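The opening residue of the sequence shown carries number 177 in my numbering; numbering runs sequentially from there. For each residue, glycine too, the CB sits at the ideal point set by N, CA and C. Here the structure is a predicted model, which means the values were calculated and not measured. Notes follow once the structure below has been shown.
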Amino acid sequence: MGFTLARILVSLDLETTGLDPYRDAIIEVGAVKFLGDEILDTFSTFI
């Protein structure tokens, strides 16, 4: 039994140098834009 969502969703991904928010930094940001099971757009950048 499957279904398709009728709205756009965006999934974000952050890559960091570690787990300590005071000492470590975000080094990469990525995103994927979905409509149901279809990928509409992607984004990725190093910081």
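* To do: Quick one: grab the DSSP three-state call for residue 202.
  => Three-state DSSP puts residue 202 in a strand.
* Keeping to the same chain, check which residues put their C-beta closer than 6 Å to that of residue 185; ignore five residues upstream and five downstream. => Cβ neighbours of residue 185 beyond the five flanking positions: 210.
* Asked: By DSSP, does residue 218 sit in helix, in strand, or in coil?
  -> The three-state secondary structure of residue 218, taken from DSSP, is strand.
* Asked: According to the Cβ coordinates, are residue 221 and residue 203 closer than 8 Å?
  -> At least 8 Å separates the beta-carbon of residue 221 from that of residue 203.
* Whole-angstrom Cβ separation of residue 206 and residue 217, contact assumed at under 8 Å? -> About 12 Å; that fails the 8 Å criterion.
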